[in-house]
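A short write-up of the structure that comes next.
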Amino acid sequence: KLVMAEKKNYWTQAIGTQDAIVQFGGIGLEKDVTSSYKVVALDGRHYYAMDQDGTRPGYTTLVSPGVTQIQSGQDVNPEKIAIFVNAISGDIDILAENGNINMVGKNINIKANEAMTIEATTQLDMESKEVNIKGTDKMHISATTLLKLESNCGINFMAKFIHGMSIATENTVNYLNYGG
-7 KLVMAEKKNY WTQAIGTQDA IVQFGGIGLE KDVTSSYKVV ALDGRHYYAM
43 DQDGTRPGYT TLVSPGVTQI QSGQDVNPEK IAIFVNAISG DIDILAENGN
93 INMVGKNINI KANEAMTIEA TTQLDMESKE VNIKGTDKMH ISATTLLKLE
143 SNCGINFMAK FIHGMSIATE NTVNYLNYGG
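Here the sequence shown is numbered in this note's numbering, starting from -7 and rising by one per residue.
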């Protein structure tokens, strides 16, 4: 393991009170990074840092032991973007380790320029007055045990060719009662 020398900065400037400190050129807690600018609140876990070298060059870090709120757009035309997040290179990860992620809006549009994967460990539900799923080339729907199509009114299949096959006698297990 490569061990880096402790960072030192003899030109660090700090302005502080009993409630907070503002540092210019401060050194990180593990002495591995120089921060161009750092604000630390009374609770040392509450800080904002703009790191310039070491293990985090160019990082901007905001740590809040409580709630972090972002509010924007009070004076913005409703047709304009009020908050814009852009990762020019790299991924964007949103993680709620012990909670839910909720997105609410008049309309929510999600677009992938290549592929999209939606995965749930136990259950995936979609509900709306009208649901449209369209594959412009192909669509594959499968289930390892039971695929159930249900309608209180009717089911309509339309295609130039319909190929169907039943192998109901292959196994005598009744899957019709499986899962409700």
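Glycine included, each C-beta is placed from N, C-alpha and C at the ideal position.
Asked	Found
Please classify Gln61: does DSSP put it in a helix, a strand, or coil?	coil
Output the distance between the C-alpha atoms of Ala88 and Thr109, rounded to the nearest integer angstrom.	19 angstroms
What three-state label does DSSP hand Val77 in the structure shown?	coil
Ignore the nearest five residues each way along the sequence and tell me which others in Gly17's own chain have a CB closer than 8 angstroms to its CB.	Asn1, Trp3, Thr4, Gln5, Thr26, Ser27 and Ser28
For Glu22 and Ala41, what's the separation of their Cα atoms in angstroms?	14 angstroms
Please name the residue or residues paired with Tyr40 in a DSSP beta bridge.	Val31 and Leu54
For Val55 and Tyr39, which I take to be in contact (beta-carbon distance under 8 angstroms), what is that distance rounded to the nearest angstrom?	5 angstroms
Which same chain residues end up closer than 8 angstroms to Asn101 when comparing Cβ atoms and leaving out the 5 residues on each side of it in sequence?	none
Can you say whether Val32 is buried or exposed, counting buried as having 16 or more other CB atoms within 10 angstroms of its CB?	buried
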